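To start, the structure under review is shown below, and the notes come after it.
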Amino acid sequence: MSIVAEFITEERDMPYGHGMTGVKGNMPLFEDATMVGHFSNAYIDEVEIDGDKKKVLVAEGTLDEMRYPKFVEWLIKHMSESQIKGSVEIVGKQENDGVIIYSDGWVEKGRVPQIYDYSGYAILSVKPADEAAIVMELNNKSKESKGEIIMDEAMKNEIQSAAANALAETNSKWEQYVAQVQAKDAEISQLQADIASKKADISAKVAEIEQLRADYEAANAKLALAEAGLADANAKIAEMEKCKKQNELNEALSGFTDEERDYAKAEIESFEKDPTSVEISSITGKIYAEIGRKSRENNVSEINSKIDIFSMSEDVSSESDNDTVNVF
0 MSIVAEFITE
10 ERDMPYGHGM
20 TGVKGNMPLF
30 EDATMVGHFS
40 NAYIDEVEID
50 GDKKKVLVAE
60 GTLDEMRYPK
70 FVEWLIKHMS
80 ESQIKGSVEI
90 VGKQENDGVI
100 IYSDGWVEKG
110 RVPQIYDYSG
120 YAILSVKPAD
130 EAAIVMELNN
140 KSKESKGEII
150 MDEAMKNEIQ
160 SAAANALAET
170 NSKWEQYVAQ
180 VQAKDAEISQ
190 LQADIASKKA
200 DISAKVAEIE
210 QLRADYEAAN
220 AKLALAEAGL
230 ADANAKIAEM
240 EKCKKQNELN
250 EALSGFTDEE
260 RDYAKAEIES
270 FEKDPTSVEI
280 SSITGKIYAE
290 IGRKSRENNV
300 SEINSKIDIF
310 SMSEDVSSES
320 DNDTVNVF
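Numbers 0 to 327, taken from numbering that gives the first Met the number 0, label the letters of the sequence shown in order.
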């Protein structure tokens with residue numbers, strides 16, 4: 000089993016208790032204890048303690064002086080002045096779910112463990128649970144006991160001083176921890192307040208964006224309605240303009256016969272499809288031009304019909320009333 004010590008200072012010199020921190024199921028936890036050595040041999044022997052021969056269990060082991068030199072120094076010093084005691088730690092066996100089986104059952108005082116395992120030996124500076132669990136030898140395999148010496152005043156003062164210093168250091172660290180926790184709590188509270196404020200700002204912005212979107216959609220609807228009305232109005236205006244132009248064309252063509260209108264048939268048809276594509280003046284101009292041309296052609300034909308280029312007349316004047324000219 001392990002040799003353990005609970006150090007109460009960072010010097011790791013003086014042991015205190017078992018270093019027990021709790022129980023997990025039926026297994027005790029010693030998380031504040033440090034393993035300083037290990038037992039390698041055990042046997043039953045008869046030794047003399049306080050002048051009496053006693054049959055005892057002797058365990059032999061080694062301490063790790065390379066890693067805990069100040070602890071070994073403390074042991075050497077105080078074993079020369081008094082008796083160092085410890086406490087045997089036992090646990091129940093795994094097959095018994097970690098429960099220690101006692102002879103004749105568990106009693107508050109005088110109980111005798113029967114079925115168990117040895118788990119450790121704690122070197123103490125406090126009163127042990129078992130006054131018989133003494134450290135008999137150090138660097139000496141002699142079976143003689145040093146005898147029991149009551150802890151002297153110097154050792155008590157050293158323990159009290161170390162405990163007070165450790166307690167003061169613990170309190171100081173605790174106060175620092177509490178101050179840090181309070182500072183963190185204040186920081187967290189401030190962050191939570193900032194987050195709540197940001198959430199409120201975000202909610203306000205979301206509401207504003209939703210209102211803007213609703214306004215935008217309403218404006219778009221009004222614009223679409225206005226554009227539809229404008230398109231309808233433009234269509235009506237265009238139709239009115241077309242009718243007006245058509246009336247103007249009808250009025251301009253009212254003095255012409257159907258035959259004369261046919262002179263500008265293509266232009267009239269284009270105008271009726273799109274009044275902006277042809278000017279009324281160009282239509283009437285074309286009709287007038289065709290009327291003039293036809294008139295000239297008719298005049299020439301008429302003149303030609305009255306001229307006899309093969310006849311000879313001695314009296315030209317007698318034919319003048321009939322507009323007939325004899326060029327020969």
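For every residue, glycine included, the Cβ atom is placed at its ideal position computed from N, Cα and C. In this text, all values refer to a predicted model and were calculated from it rather than measured experimentally.
Following the DSSP letters along the chain, one finds His77 inside the alpha helix (DSSP H) bounded by residues Pro68 to Met78. Remark: C-beta atoms of Tyr42 and Val87 do not approach each other more closely than 8 Å. In this structure Ser39 is in contact with Glu59, their Cβ atoms being roughly 6 Å apart against a cut-off of 8 Å. If you draw a 10 Å sphere on the C-beta of Trp73, you find 16 or more other C-beta atoms in it, and that means buried. Nearest to Leu62 by alpha-carbon distance, out of Lys126, Ile2 and Glu259, is Ile2. Judged by DSSP secondary structure, Lys53 falls within the beta strand (DSSP E) whose first and last residues are Asp51 to Leu62. Taking a 10 Å sphere around the C-beta of Pro14, we find 16 or more other C-beta atoms and assign the residue as buried. One Cα belongs to Ser300, the other to Lys293, and the distance between them is close to 10 Å. Residue range Thr33 to Ile48 is occupied by the beta strand (DSSP E) that includes Ala41, with no alpha helix (DSSP H) assigned at that position. Residue pairing of Glu216 in beta bridges, as defined by DSSP: absent, with no partner found. One alpha carbon belongs to Val277, the other to Leu222, and they sit about 35 Å apart. Around the C-beta of Ile286, 16 or more other C-beta atoms lie within 10 Å, and the residue is accordingly described as buried. In this model, Asp200 and Lys241 are separated by some 60 Å (Cα to Cα).
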